[in-house]
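A.B. asks: Residue numbers (numbering that gives the first Met the number 0), protein chains in the order written: chain P, 0 to 314; chain Y, 0 to 314.
Protein chains: 2
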Amino acid sequence: MRIGIDIMGGDYAPGATLSGTVLALSEMPAYIDFALIGDRSLIEDYLTDNRVPRDRLHIVHTSEVVEMGDHPAKALNQKPDSSMAVGFRMLRKGEIDGFCSAGNTGAVLVGASLAIKSIPGLIRPAIGTILPSLDGPGNIILDIGINPDCRPDVLYQYGIIGSLYAKYVTGIENPRVGLLNIGSEETKGNLVSRSAYELMNGSTDFLFVGNVEGNDLFSNKKMDVVVCEGFVGNIVLKEAETLYTIVRKRNIQDPFLEKFNYENYGGTPILGINAPVVIGHGMSNPVAIKNMLKHTMEVVEAGLCEKIKETFNNG
Amino acid sequence: MRIGIDIMGGDYAPGATLSGTVLALSEMPAYIDFALIGDRSLIEDYLTDNRVPRDRLHIVHTSEVVEMGDHPAKALNQKPDSSMAVGFRMLRKGEIDGFCSAGNTGAVLVGASLAIKSIPGLIRPAIGTILPSLDGPGNIILDIGINPDCRPDVLYQYGIIGSLYAKYVTGIENPRVGLLNIGSEETKGNLVSRSAYELMNGSTDFLFVGNVEGNDLFSNKKMDVVVCEGFVGNIVLKEAETLYTIVRKRNIQDPFLEKFNYENYGGTPILGINAPVVIGHGMSNPVAIKNMLKHTMEVVEAGLCEKIKETFNNG
Numbered sequence: 000m001r002i003g004i005d006i007m008g009g010d011y012a013p014g015a016t017l018s019g020t021v022l023a024l025s026e027m028p029a030y031i032d033f034a035l036i037g038d039r040s041l042i043e044d045y046l047t048d049n050r051v052p053r054d055r056l057h058i059v060h061t062s063e064v065v066e067m068g069d070h071p072a073k074a075l076n077q078k079p080d081s082s083m084a085v086g087f088r089m090l091r092k093g094e095i096d097g098f099c100s101a102g103n104t105g106a107v108l109v110g111a112s113l114a115i116k117s118i119p120g121l122i123r124p125a126i127g128t129i130l131p132s133l134d135g136p137g138n139i140i141l142d143i144g145i146n147p148d149c150r151p152d153v154l155y156q157y158g159i160i161g162s163l164y165a166k167y168v169t170g171i172e173n174p175r176v177g178l179l180n181i182g183s184e185e186t187k188g189n190l191v192s193r194s195a196y197e198l199m200n201g202s203t204d205f206l207f208v209g210n211v212e213g214n215d216l217f218s219n220k221k222m223d224v225v226v227c228e229g230f231v232g233n234i235v236l237k238e239a240e241t242l243y244t245i246v247r248k249r250n251i252q253d254p255f256l257e258k259f260n261y262e263n264y265g266g267t268p269i270l271g272i273n274a275p276v277v278i279g280h281g282m283s284n285p286v287a288i289k290n291m292l293k294h295t296m297e298v299v300e301a302g303l304c305e306k307i308k309e310t311f312n313n314g
Numbered sequence: 000m001r002i003g004i005d006i007m008g009g010d011y012a013p014g015a016t017l018s019g020t021v022l023a024l025s026e027m028p029a030y031i032d033f034a035l036i037g038d039r040s041l042i043e044d045y046l047t048d049n050r051v052p053r054d055r056l057h058i059v060h061t062s063e064v065v066e067m068g069d070h071p072a073k074a075l076n077q078k079p080d081s082s083m084a085v086g087f088r089m090l091r092k093g094e095i096d097g098f099c100s101a102g103n104t105g106a107v108l109v110g111a112s113l114a115i116k117s118i119p120g121l122i123r124p125a126i127g128t129i130l131p132s133l134d135g136p137g138n139i140i141l142d143i144g145i146n147p148d149c150r151p152d153v154l155y156q157y158g159i160i161g162s163l164y165a166k167y168v169t170g171i172e173n174p175r176v177g178l179l180n181i182g183s184e185e186t187k188g189n190l191v192s193r194s195a196y197e198l199m200n201g202s203t204d205f206l207f208v209g210n211v212e213g214n215d216l217f218s219n220k221k222m223d224v225v226v227c228e229g230f231v232g233n234i235v236l237k238e239a240e241t242l243y244t245i246v247r248k249r250n251i252q253d254p255f256l257e258k259f260n261y262e263n264y265g266g267t268p269i270l271g272i273n274a275p276v277v278i279g280h281g282m283s284n285p286v287a288i289k290n291m292l293k294h295t296m297e298v299v300e301a302g303l304c305e306k307i308k309e310t311f312n313n314g
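1. Please look up how many angstroms separate the CB atoms of glycine 177(P) and glycine 127(P), rounded, as I've assumed it's under 8 Å.
2. By the criterion of Cβ-Cβ separation under 7 Å, what are the contact partners of arginine 249(Y) in chain P?
3. If we define contact as Cβ-Cβ less than 8 Å, is glycine 127(P) a contact residue for chain Y?
4. For a test of the three-state rule: what should DSSP assign to serine 192(P), helix, strand or coil?
5. Roughly how many angstroms lie between the CA atoms of tyrosine 261(P) and arginine 1(Y), to the nearest whole one?
6. Would DSSP call proline 275(P) helix, strand or coil?
7. Tell me whether leucine 190(P) is buried or exposed, calling it buried when 16 or more other Cβ atoms sit within 10 Å of its Cβ.
8. At what residues does the alpha helix (DSSP H) containing histidine 294(Y) begin and finish?
9. To which residues of the same chain is isoleucine 171(P) closer than 6 Å at the C-beta, ignoring the five residues directly before and after it?
10. Grouping DSSP H, G and I as helix and E and B as strand, with all else coil, what is isoleucine 145(P)?
11. Hey, quick one: how far does the beta strand (DSSP E) through isoleucine 4(Y) stretch, first residue to last?
12. Here's the rule I'm using: 16 or more other beta-carbon atoms within 10 Å means buried, otherwise exposed. How should aspartate 10(Y) be labelled?
13. Please classify methionine 30(Y) as buried or exposed, where buried requires at least 16 neighbouring CB atoms within 10 angstroms.
14. Following the continuous beta strand (DSSP E) through phenylalanine 33(P), name the residue where it begins and the one where it ends.
15. How long is the line joining the alpha carbons of leucine 206(Y) and leucine 270(Y), rounded to whole angstroms?
16. Give me the Cα-Cα distance between glycine 188(Y) and asparagine 180(Y), rounded to the nearest whole angstrom.
17. Less than 8 Å between C-beta atoms, sequence neighbours within five positions excluded: which residues of the same chain meet that for serine 292(Y)?
18. Does the beta-carbon of alanine 15(P) have 16 or more other beta-carbons within 10 angstroms, so that it is buried, or is it exposed?
19. Measuring only the C-alpha atoms, how far is isoleucine 58(P) from glycine 37(P)?
20. What is the rounded straight-line gap between the Cα of serine 117(Y) and the Cα of arginine 123(Y)?
21. With a cut-off of 8 Å, does the C-beta of lysine 289(P) fall near any C-beta of chain Y?
22. Under 8 Å: do the stretch 214-223 of chain P and the stretch 211-221 of chain Y share three or more Cβ pairs, one atom per stretch?
23. Suppose only complete runs of 4+ residues qualify. What are the alpha helix (DSSP H) ranges in the stretch 111-174 of chain Y, listed by chain order?
24. Have a look at arginine 193(Y) and glycine 209(Y) and give me their C-alpha separation to the nearest angstrom.
25. Below 8 Å, how does it come out for the stretch 225-235 of chain P and the stretch 247-259 of chain P: are there three or more Cβ pairs, yes or no?
26. So with Cβ pairs under 8 Å, would you call phenylalanine 205(P) a contact of chain Y?
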C-alpha cells in the first residue's frame with residue numbers, strides 16, 4: 000500500500016510533515032510505503048540530515064505550493080504543479096492508495112470533489128471526525144463543515160455513510176445513528192431536523208436511534224454516529240476544541256480531557272468520494288501528521304470508499 | 000420591589016425553592032420582598048420548622064401544580080390555580096415586579112407568551128444565557144431554544160435585545176455583537192447566517208463585529224453578545240453543560256471550569272416580553288434558586304423590559 004502525503008501542506012510544513020512521516024515510518028507496518036510529494040531538495044536535505052532510510056520513501060518532486068491564503072476554488076488550477084494538485088492526480092490515477100494533506104482545507108475539499116469526485120448516488124460528501132467519549136470509542140460526527148445547510152435527504156445519506164465508517168473503520172458491528180437535535184421527542188427541532196427524523200424513522204438502511212442532544216455528544220450510551228448539518232457540526236467541534244485548549248493552558252491534566260487533543264486523531268476523512276482523502280489540521284505537529292498518515296492507512300485498509308460505492312450502487 | 004417565585008416548580012420543589020428563597024432573603028437587599036406562590040400549608044410548615052422571619056415573605060396559596068410531564072401548551076389552562084398560572088397573572092396585574100420559576104420550561108415559555116406577551120415590534124422573544132469567559136464577564140448568547148429556526152430579521156433583532164441586556168444588566172457601555180458562524184469572512188456560513196450578516200453589517204442599532212466561531216464562545220476578546228438560531232444555541236449550551244458535568248464527576252477542580260456550573264447563573268431571562276420572567280434549571284438546588292431570585296432582581300432593577308419597549312417603540 001502506498002500513501003501519498005502533501006509534504007508542503009500545513010502551518011509547520013515541511014518540517015512537521017517530514018518529521019511526522021519519519022515517525023510514521025517506524026510505527027506503521029513495513030508493507031506501507033509513502034509518496035512524499037513536494038520540493039525534492041527540501042525533502043532530500045531533510046532525509047540526509049536525519050539519516051532516514053529511504054527504502055519505503057518515494058520522492059515526487061513538485062515546484063509549487065498551495066498557500067493557506069490561496070483561494071480554495073482557484074488554487075489547484077493556478078498551481079497545477081503544487082504538491083496538493085499532484086497528490087490528487089496521483090490518487091486519481093491509482094499511483095497512490097490514499098492521500099492526505101494538512102494544507103489549505105478549502106483547497107483540499109475542492110480538489111477532492113473535482114479530481115476524485117463524489118460517489119454516484121450520493122448527493123453530497125461529508126467530513127466527519129470522532130468526538131471523544133467517556134464510555135466508548137467515540138461518536139463519529141458528520142458533517143462538520145462541507146455543507147452548512149443540508150437537505151433532509153442529505154442528512155439521511157449521512158446516516159448511511161456514517162454507519163459504514165463506524166462499521167468498517169471503528170469496527171462497530173451494528174452502529175447506532177442519532178440525529179443531533181434539541182429534544183428527544185420526534186416533534187422537537189428545526190424544520191430540517193424534523194423532516195430528517197421522519198425520513199430516518201424506521202430506516203432499513205441504518206439503525207436509527209432517534210434524536211440525540213448536545214449533552215449526549217461525549218458518550219456512546221445512545222449512539223455511535225451523530226448526524227447534523229455542517230453548520231452545527233462545525234460549531235460543536237470548535238467549541239470542544241477551544242475547551243481543550245483552555246484546559247491545556249490551565250495545566251489541567253486528565254486522561255479524558257486529553258482525548259480532545261486533535262493530535263490523537265490526525266485528520267478527518269472526506270466521506271463519499273471515490274478514493275481515500277484525509278484532511279489534517281492546519282496546525283499539525285509531527286505527532287498529528289503521523290496520526291494523519293495512520294488514519295489514512297485505516298481508511299484504505301477498511302476499504303471504506305468501496306463499501307460506500309457498493310452500498311449506493313445497490314441502493 | 001416584590002419578586003414572585005413559583006415554589007412548586009423544579010425537580011426538588013418545594014424543598015429547594017423554599018430553602019433557596021431563605022438563602023436569598025439574607026443575601027438580597029432589605030427593600031426586596033418575595034411572593035411565595037404555592038401550597039400554603041407546605042410553605043407554612045417549612046417556615047415554622049426553620050423559624051424563618053416572615054416580614055419580607057408573602058404567601059400566595061395555590062392548589063395546583065404544573066408537573067414536568069404536563070403538556071406545555073395545555074398546562075396553564077388545565078391548571079388555572081397552579082403556582083405557575085397564578086404567578087403569571089400576578090405579574091400581568093403588576094402585583095409582583097418579576098416572576099421566576101424552575102418548573103416545566105415549556106409551560107413557562109407558553110405562559111410568558113400568552114399572559115405577558117411580546118413587546119410590540121419585536122418579531123420573536125428569545126431566551127439568553129451567559130457563557131463563561133476566560134477574560135471578561137462572559138458573552139450573552141441568544142436564542143438558546145425558543146426559536147429553533149430564525150429568520151435573518153429575527154437574528155437582527157436579537158442583536159438589539161442582546162445589546163440592551165449586556166448594557167443594562169451586565170453593565171457594558173457599548174456591547175459588541177457577534178454572529179455565530181463557521182468562518183470569519185462574510186461569505187461563510189449557512190443561508191440564514193449569510194443573510195443575517197448582510198442585514199447586520201453597518202447596523203446603527205448595535206455594534207456589529209462580524210462573524211464569531213465556536214472557538215470564540217468562551218472569551219470576550221471579540222464580543223459581548225452572541226446571536227444564533229435557537230437550534231444551534233441550545234446545542235452549544237448543552238455541550239458546555241455536559242463538559243462541566245464530566246469535569247465535575249472526574250473531580251477536576253479549576254476556577255474557570257467552575258464558572259460553567261449552572262448554579263452560579265440561576266436562570267435565563269425571557270428577553271422581549273412585557274415583564275421580567277426568569278426561567279430556572281429544572282434540577283435547581285437551593286443555591287441555584289437563590290441565584291435565580293437574584294437574577295430576577297437584576298433584570299427588574301435594570302429596567303430591561305422598559306428599555307426594550309422604548310427601543311422598539313422608537314425604532
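C-beta atoms are modelled at their ideal positions from N, C-alpha and C, and glycine is treated no differently.
C.D. replies: In this structure, then:
1. Your numbering for residue 177(P) matches position 178 in the first sequence. Your numbering for residue 127(P) matches position 128 in the first sequence. Going by Cβ atoms, the distance from glycine 177(P) to glycine 127(P) rounds to 14 Å, so no, they are not a contact pair.
2. Residue numbering aside, residue 249(Y) sits at position 250 when the second sequence is read from its first letter. Those within 7 Å of arginine 249(Y) in chain P are Asp253, Phe255.
3. For this step, residue 127(P) is matched to residue 128 along the first sequence. Chain Y contact via Cβ: absent.
4. The count along the first sequence starts at 1 and reaches residue 192(P) at position 193. Three-state result, serine 192(P): helix.
5. If you number the first sequence from 1, residue 261(P) lands on position 262. If you number the second sequence from 1, residue 1(Y) lands on position 2. The alpha-carbon atoms of tyrosine 261(P) and arginine 1(Y) are separated by roughly 51 Å.
6. As a position in the first sequence, residue 275(P) is number 276, starting the count at 1. Looking at proline 275(P) - three-state DSSP - the assignment turns out to be coil, as it is neither helix nor strand.
7. Mapped onto the first sequence, residue 190(P) falls at position 191. So leucine 190(P) counts as exposed.
8. Position 295 of the second sequence, counted from the first residue, corresponds to residue 294(Y). First-last of the alpha helix (DSSP H) with histidine 294(Y): 285-300.
9. On the first sequence, residue 171(P) is found 172 positions in, with the first residue counted as 1. Taken in chain order, the residues that qualify are Ala165, Asp223.
10. Here residue 145(P) is taken as the residue at index 146 of the first sequence, counted from 1. In this structure, isoleucine 145(P) counts as coil in the three-state DSSP scheme.
11. On the second sequence, position 5 is the one that residue 4(Y) refers to. Start and end: 1-5.
12. Within the second sequence, numbered from 1, the residue matching residue 10(Y) stands at position 11. Exposed, since its Cβ has fewer than 16 Cβ neighbours within 10 Å.
13. On the second sequence, residue 30(Y) is found 31 positions in, with the first residue counted as 1. Checking the displayed sequence, the identity of residue 30(Y) turns out to be tyrosine instead of methionine. Under this definition tyrosine 30(Y) is an exposed residue.
14. Taking the first residue of the first sequence as position 1, residue 33(P) is located at position 34. From DSSP, the beta strand (DSSP E) with phenylalanine 33(P) extends over 32-37.
15. For this step, residue 206(Y) is matched to residue 207 along the second sequence. For this step, residue 270(Y) is matched to residue 271 along the second sequence. Each residue's alpha carbon lies about 19 Å from the other.
16. Counted from its first residue, the second sequence places residue 188(Y) at position 189. Counted from its first residue, the second sequence places residue 180(Y) at position 181. C-alpha separation (whole angstroms): 6 Å.
17. Mapped onto the second sequence, residue 292(Y) falls at position 293. With the sequence shown as reference, residue 292(Y) is identified as leucine, and serine is not the correct amino acid for it. Around leucine 292(Y): Ile2, Ile4, Gly19, Thr20, Ala23, Met27, Phe33, Cys99, Gly265.
18. As a first step, residue 15(P) must be located in the first sequence, where it is residue number 16. Classification of alanine 15(P): buried, given that the 10 Å Cβ count is 16 or more.
19. One-based indexing of the first sequence puts residue 58(P) at position 59. One-based indexing of the first sequence puts residue 37(P) at position 38. Each residue's alpha carbon lies about 8 Å from the other.
20. As a first step, residue 117(Y) is located in the second sequence; it is residue number 118 there, counting from the start. As a first step, residue 123(Y) is located in the second sequence; it is residue number 124 there, counting from the start. C-alpha separation (whole angstroms): 7 Å.
21. Taking the first residue of the first sequence as position 1, residue 289(P) is located at position 290. Not an interface residue.
22. no
23. 151-164
24. Translated into positions along the second sequence, residue 193(Y) becomes position 194. Translated into positions along the second sequence, residue 209(Y) becomes position 210. Roughly 11 Å separates the two Cα atoms.
25. no
26. The count along the first sequence starts at 1 and reaches residue 205(P) at position 206. Not one chain Y Cβ lies under 8 Å of phenylalanine 205(P).
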